[in-house]
Amino acid sequence: MVVVGIVGYVKTPRGLRTLGSVWAQHLSEEVKRRFYKHWCKSKKKAFTKYSKKLETEDGKNDIQLQLEKLKKYCTVIRVLAHTQIRKMKGLKQKKAHLMEIQVNGGTIAQKVDFAYGFFEKRIPVDAVFQKDEMIDITGVTKGNGFEARVSFTVARAGQNGYHHRTEMNKKVYKLGKAGHESHAAMTDYDRTEKEITPMGGFPHYGVVKEDYLVIKGRGGVALEEIKLKFIDTSSKFGHGRFQTTQEKAKFYGKLKA
Numbered sequence: 219m220v221v222v223g224i225v226g227y228v229k230t231p232r233g234l235r236t237l238g239s240v241w242a243q244h245l246s247e248e249v250k251r252r253f254y255k256h257w258c259k260s261k262k263k264a265f266t267k268y269s270k271k272l273e274t275e276d277g278k279n280d281i282q283l284q285l286e287k288l289k290k291y292c293t294v295i296r297v298l299a300h301t302q303i304r305k306m307k308g309l310k311q312k313k314a315h316l317m318e319i320q321v322n323g324g325t326i327a328q329k330v331d332f333a334y335g336f337f338e339k340r341i342p343v344d345a346v347f348q349k350d351e352m353i354d355i356t357g358v359t360k361g362n363g364f365e366a367r368v369s370f371t372v373a374r375a376g377q378n379g380y381h382h383r384t385e386m387n388k389k390v391y392k393l394g395k396a397g398h399e400s401h402a403a404m405t406d407y408d409r410t411e412k413e414i415t416p417m418g419g420f421p422h423y424g425v426v427k428e429d430y431l432v433i434k435g436r437g438g439v440a441l442e443e444i445k446l447k448f449i450d451t452s453s454k455f456g457h458g459r460f461q462t463t464q465e466k467a468k469f470y471g472k473l474k475a
C-alpha cells in the first residue's frame, strides 16, 4: 500500500470528530479515480491546485502549520493509504481502495512525524506481517436486502444489508516475496520448481505476481512453528490432476496441433 495522507481526530462528547487532514503532493491516477464517479467524463482536476500550491514556500509553510495543529489538538492519528490496483492485471477495476489506518504508540507528535515520514512511500507486506503470526481479516459484503416496502420491524426475507465482517485468529503459514525464492511454492519436503499460482490461474483472479500471504484459520492463539510440506498447485477449474505444465506434458506426450 502507499501512504498519501494524514487525518487527525479530536474527542468530543459525541465521539471522535475530524480536525483536519494533510495530503501528499503527488497522488497517482488510481487513487484520484476514487474521488470521481465517472473518471473518463471528468476534467481530472482533483488535487491539481493542491499539488501546485505545495511547490511554493507558502504552501510548504502551510503544511507545517497544519501538522503542528494536529500535534497540538488531536488525540487520534490515522494515515490514509491506498492499494496499488494497477498491479492486479486479473481485475478490470482501475480505482484504488482508500482506507484509514490508525497509528499507535508514542506521543501525538511522534505519531504525526512517523506518518509524515511515510508520505508517497510503499509499505510492503513483510513490513507489517511475519510468518507464524496471528492476524484478523476484515471484509465488507455488498447489500442483498430488498427495498423497504414495509416497516423494518416486520420479519421478512431480504434483511441482509451492508455488513462489515471480521474473521479472527488467522495464522500466516507463508509469506511470499516477489523476485525471491520464497515466492515459489517449493517447501523443505517438496522441491518441485513451481509457482504459487495453480495451473490455469486462480478462479476470478488470475496469476499472482506480487507479494502474497498464505493464511489459515485456527481457534485460539497458535504458538507452534508451521512447516509446510506440500502446496497444491493443480488447476482449480474442475478437477485438477497435475502440479505443473511439464508434468502434464510428460503424461500426455505429444498432442495434435
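Going by our numbering, the sequence shown opens with residue 219, and the numbers climb by one from there.
Ideal Cβ placement from N, Cα and C applies to all residues, glycine included.
A quick note: this is a predicted structure, and the numbers were derived from the prediction, not measured.
Rounded separation between residue i and residue j - CA only
i: LYS389; j: CYS292; result: 34 Å
i: PRO416; j: GLN461; result: 8 Å
i: GLU424; j: TYR430; result: Looking at the sequence provided, one finds Gly at residue 424 rather than Glu. Cα to Cα, GLY424 sits roughly 13 Å from TYR430.
i: LYS434; j: LYS289; result: 40 Å
i: VAL222; j: ALA403; result: 33 Å
i: GLU275; j: VAL330; result: 21 Å
i: GLU318; j: ARG251; result: 17 Å
i: LEU239; j: MET219; result: The sequence given here has Ser at residue 239, not Leu. If you take the alpha carbons of SER239 and MET219, they lie about 19 Å apart.
i: PHE420; j: LEU272; result: 43 Å
i: ILE326; j: PHE253; result: 29 Å
i: LEU234; j: ALA314; result: 26 Å
i: GLN328; j: GLN302; result: 27 Å
i: ILE295; j: GLU443; result: 34 Å
i: LYS255; j: GLU248; result: 13 Å
i: LEU237; j: PHE337; result: 19 Å
i: GLY335; j: THR371; result: 50 Å
i: TYR470; j: GLY458; result: 14 Å
i: ALA467; j: TYR407; result: 24 Å
i: GLU286; j: PRO231; result: 24 Å
i: ALA242; j: GLY226; result: 15 Å
i: GLY456; j: LYS259; result: 41 Å
i: LYS349; j: ASN387; result: 14 Å
i: GLU465; j: LYS307; result: 27 Å
i: ARG409; j: ASN279; result: 57 Å
i: LYS454; j: HIS422; result: 11 Å
i: LYS229; j: ILE414; result: 46 Å
DSSP three-state assignment for residue i, whether helix, strand or coil
i: LYS290; result: helix
i: ARG383; result: strand
i: ALA314; result: coil
i: VAL418; result: In the sequence under discussion, the amino acid at residue 418 is Gly, which differs from the Val named in the question. Looking at GLY418 - three-state DSSP - the assignment turns out to be coil, as it is neither helix nor strand.
i: GLU413; result: strand
i: VAL240; result: strand
i: ALA333; result: helix
i: THR463; result: helix
i: VAL343; result: helix
i: VAL225; result: strand
i: GLY277; result: helix
i: VAL368; result: coil
Strand pairing of residue i, partner residues [DSSP]
i: THR230; result: GLY233
i: LYS434; result: LYS389
i: HIS300; result: VAL220 and LEU316
i: ALA554; result: No information on residue 554 is available, as it lies outside the stretch 219 to 475 that the chain covers here.
i: ALA402; result: GLU413
i: ILE353; result: LYS388
i: VAL358; result: HIS382
i: GLY394; result: TYR430
i: ILE295; result: GLY226
i: GLY424; result: PHE420
Cβ shell of residue i (< 6 Å), same chain only, five flanking positions each side left out
i: THR451; result: ALA403, LYS412, PRO416 and GLN461
i: GLY357; result: ARG383
i: PHE265; result: LEU245
i: SER269; result: GLN243
i: GLY277; result: LYS271
i: TRP257; result: ARG251
Cβ-Cβ separation, residue j to residue i (assumed contact under 8 Å), whole Å
i: GLU428; j: LYS312; result: The Cβ separation is near 17 Å, so there is no contact.
i: LEU298; j: ILE224; result: 7 Å
i: ASP344; j: LYS395; result: 6 Å
i: ILE355; j: GLU399; result: So it is not a contact: roughly 27 Å between Cβ atoms.
Close beta carbons around residue i, own chain, < 8 Å, minus the five adjacent residues each side
i: PHE332; result: VAL321 and GLY324
i: PHE347; result: ILE353, VAL390, LEU393 and LEU431
i: ILE341; result: MET219, VAL220, VAL221 and ALA299
i: THR463; result: MET417
Residues near residue i in its chain [Cβ-Cβ closer than 7 Å; skip 5 each side]
i: THR405; result: LEU446, LYS447, PHE448 and ILE449
i: LEU316; result: VAL249, ARG252, LEU298 and HIS300
i: LYS261; result: none
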